[in-house]
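Heads up: the structure comes next, in structure tokens.
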Amino acid sequence: MSMTPVQPTRRFTAWVLEMVLIIGTAYIGWLVWSLITWGRGQTPAQNLLRIVMINDTTNAPAKRPQMFIRCFLIFAAYWFGYFAVSNIAYAINPNGILLGLGIAALLCLHLWDISGILRRQDRKRLADAVCGVTVMECEQHQTNA
Numbered sequence: 001m002s003m004t005p006v007q008p009t010r011r012f013t014a015w016v017l018e019m020v021l022i023i024g025t026a027y028i029g030w031l032v033w034s035l036i037t038w039g040r041g042q043t044p045a046q047n048l049l050r051i052v053m054i055n056d057t058t059n060a061p062a063k064r065p066q067m068f069i070r071c072f073l074i075f076a077a078y079w080f081g082y083f084a085v086s087n088i089a090y091a092i093n094p095n096g097i098l099l100g101l102g103i104a105a106l107l108c109l110h111l112w113d114i115s116g117i118l119r120r121q122d123r124k125r126l127a128d129a130v131c132g133v134t135v136m137e138c139e140q141h142q143t144n145a
């Protein structure tokens, strides 16, 4: 099975589509759909765009535990990070300057993480590297392109 790495523009498209699906289904539909597609090494947006997560060790599609950990890490970085920063900053100084600085620092961390898609040789973001997966094009998409 020959696969090629996904271009950064397609990864960005998948990320935007993922956000639209999450918001559009109020998480519930996305979560149910994810439980189905994670077994094939895909998120719902990756399923629509014919992108697959490949386990670096086995060269097979990632399994549900890897996909769960990857999605949890991304979710935790966004939501828990902003929740913690906003609550801690407000508790220390309700005027808002600390909140602004904390959110700016967290935004810089997220941009650094996402820039790994462009910056790193293997085109992985932090959650991909931790979970040991690589984002690849499915064969069906390669033949249609």
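In the UniProt record's numbering, the protein residues as written are 1 to 145. We treat Cβ as the ideally placed atom computed from N, Cα and C, and that holds for glycine. Just so it is clear, the structure is predicted and the values come from calculations on it, not from any experiment.
Cα-Cα, which of Leu48, Ile103, Phe12 is closest to threonine 37?
Leu48
Nonlocal neighbours in the same chain, by C-beta distance under 8 Å from histidine 141, ignoring five residues either side
Confidence at histidine 141 is low in this model, with a pLDDT of 48, below 50, so the placement of that residue should be treated as unreliable; the coordinate-derived value is given next. Closer than 8 Å at Cβ, skipping near neighbours: Leu49, Arg50, Ile51.
Assuming glycine 132 and aspartate 56 make a contact with CB atoms under 8 Å, what is their CB distance in whole Å?
5 Å
Using the Cβ count rule (16 or more neighbours within 10 Å means buried), how would you classify arginine 125?
buried
Out of Asn93, Ile69, Arg64, Gly102, state which residue places its alpha-carbon closest to the alpha-carbon of glycine 81.
Gly102
Can you tell me which of Thr9, Gly41, Val6 puts its alpha carbon nearest to the alpha carbon of proline 65?
Gly41
Alpha-carbon to alpha-carbon, alanine 77 and serine 86:
14 Å
Would you mind giving the Cβ-Cβ distance between alanine 62 and isoleucine 74, rounded to the nearest angstrom? I have them listed as a contact below 8 Å.
With 8 Å as the limit, alanine 62 and isoleucine 74 do not qualify as a contact, their Cβ atoms being about 14 Å apart.
Relative to the alpha-carbon of glutamine 7, which residue among Leu109, Leu31, Ala129, Arg120 has its alpha-carbon at the smallest distance?
Arg120
What is the DSSP secondary structure of methionine 19, counted as helix, strand or coil?
helix
Own chain residues within Cβ distance below 7 Å of methionine 67, not counting five before or after:
Trp38, Gly41, Met53
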